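Take a look at the structure set out below.
In the UniProt record's numbering, the protein residues as written are 1 to 572.
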């Protein structure tokens, strides 16, 4: 049995002066918070609130809600429809559209298409506005079925009523994505569709099987081939092509988003970006490009800094790993630039944008941390203050990312790849950091963040083999016996993945949770291989007996799933 953590009671149990078993159930919530649906959190700085003060606060909240309700039902109050940044007047469904539309070999009623479009423009478009307005549907249907199908798949994700339609659409969209002839006919719309497939993947299975990187590369190459990066000279790439101003802006915007997505996906995978820095990108970063919305402008500025330091610190031609031998001085210099960007823009950022910024800063700090966290760090009597600062800053970035994403569950369940990968990167970094037992690390706060992440991913998971379930299993294993492995606690086995070394080092170490015969197979997907070793239930048998058998779970994942009821999750 792994030693129990010396975590304090959670804030809810401390407030009520009740016994807390959070340390016994880690990474799950304590029993009381689990039953009452409360957010289980450890905060050493928490101070109890007196009953009288709590009653006063509740009274004020009730008064505020009552006043808001009065205003909302007042006959004088005018109710304005929410536009979500769309044009003031949205035209009705165009007459030329037929009663049903086709995406590949899938037929969809036009009314259902508009219904899903409303969902997309309400929930997804404001977060990543690469497309034009909702009224462009007729053009998409006639010119680029791939973009139409991609938009519908994104909008239908995690919505039970649209699940059958999405299951039919996904194979058609995957086939259309590889249609190079279609890309040649409508390159700008095709690139936009491929970027959406990279930003909101069709499935969340094994990372090695995720085609986001392939779609991202195809989008970049298509954009370069047809001159989207040279919107002022389009005729140099397509004979006789003379776009209007709207088309030029769409080309520039699409190329800039290609850079954003390419760098974001590359950073998570720990490989060099394939989008070259050019005049269009530099002009937009400098603020002279007018085709970007504020959201995209913020993303662009963040990933531009990410591109700069990953090329210098992680893609150097002076070492076989690509890592700069002594990155500390360069890390401090780049961090000052990020600090200046934070001071300039932080009041404008949404949660998702702040998460993107923190992920970039965490990647930067990882270059220095990989040199600091070694076998000698724990035996040093007086740690280097610079090293202490770097580790503390990286820890705070990771904890802040998890806090933001855990509070905004919608960001996790409808997560773009940027939000999801930022949270996953933070989880893996904190698991490695906790295992090193470095004197600077606040183990209580680290374990509290891991608990928050485990609960958020547990709620987001819909299958035993999706990425959320896999990461939960990794947290369980490395929080227990797996995190005590000497090699994992003292060395970095992965050194060539730019700013993602911690992520892959942690993921590689977690493969020891599988049975030896599965590891010896060296399968492409270890989780799927382990899952396939389970005996199939006979017809009529109750599957929950198999799902919840603790010995089977311990054999597959190195520990039980702490009462994780997949049947309950599926019933949600």
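Even glycine gets a Cβ: it sits at the ideal position worked out from N, Cα and C. A quick note: this is a predicted structure, and the numbers were derived from the prediction, not measured.
CB of residue i within 7 angstroms of CB of residue j, strictly
i, j, result
"residue 265", "residue 200", "no"
"residue 321", "residue 503", "no"
"residue 453", "residue 474", "no"
"residue 153", "residue 165", "no"
"residue 190", "residue 144", "yes"
"residue 275", "residue 258", "yes"
"residue 457", "residue 468", "yes"
"residue 307", "residue 273", "yes"
"residue 108", "residue 97", "no"
"residue 119", "residue 163", "no"
"residue 202", "residue 215", "no"
"residue 429", "residue 398", "yes"
"residue 252", "residue 222", "no"
"residue 461", "residue 402", "no"
"residue 471", "residue 424", "yes"
"residue 106", "residue 207", "no"
"residue 334", "residue 362", "no"
"residue 419", "residue 352", "yes"
"residue 228", "residue 254", "yes"
"residue 528", "residue 518", "no"
"residue 505", "residue 493", "yes"
"residue 220", "residue 193", "no"
"residue 606", "residue 141", "Here the chain comprises residues numbered 1 to 572, so residue 606 is not present and cannot be evaluated."
"residue 204", "residue 466", "yes"
"residue 113", "residue 195", "no"
CB contact check: residue i to chain D, cutoff 7 angstroms
i, result
"residue 475", "Here chain D cannot be found, since the structure has a single protein chain."
Simplified DSSP assignment, three categories, for residue i
i, result
"residue 19", "coil"
"residue 502", "helix"
"residue 314", "helix"
"residue 514", "coil"
"residue 322", "coil"
"residue 274", "coil"
"residue 418", "helix"
"residue 448", "helix"
"residue 454", "helix"
"residue 244", "coil"
"residue 465", "coil"
"residue 291", "coil"
"residue 45", "coil"
"residue 438", "coil"
"residue 495", "coil"
"residue 460", "helix"
"residue 472", "helix"
"residue 286", "coil"
"residue 480", "coil"
"residue 10", "coil"
"residue 118", "helix"
"residue 26", "coil"
"residue 237", "coil"
"residue 433", "helix"
"residue 232", "coil"
"residue 309", "helix"
"residue 538", "Confidence in residue 538 is poor, its pLDDT being 43 and thus under 50, which makes the residue's placement unreliable; the coordinate value appears in the next sentence. In this structure, residue 538 counts as coil in the three-state DSSP scheme."
"residue 179", "coil"
"residue 520", "helix"
"residue 130", "coil"
Bridge partners - residue i, DSSP secondary structure assignment
i, result
"residue 106", "103"
Near the ligand COA: residue i beta-carbon under 6 angstroms from a heavy atom
i, result
"residue 127", "For the ligand COA, the structure offers nothing, since it holds no ligand at all."
Extent of the continuous alpha helix (DSSP H) run through residue i
i, result
"residue 594", "Outside the shown range of the chain, which is 1 to 572, sits residue 594, and nothing can be said about it."
"residue 353", "351 to 372"
"residue 187", "187 to 199"
"residue 332", "328 to 345"
"residue 392", "385 to 407"
"residue 526", "526 to 532"
"residue 32", "31 to 36"
"residue 486", "486 to 490"
May I have a chain-ordered list of the beta strand (DSSP E) segments no shorter than 3 residues that lie completely inside the region 133 to 172?
none
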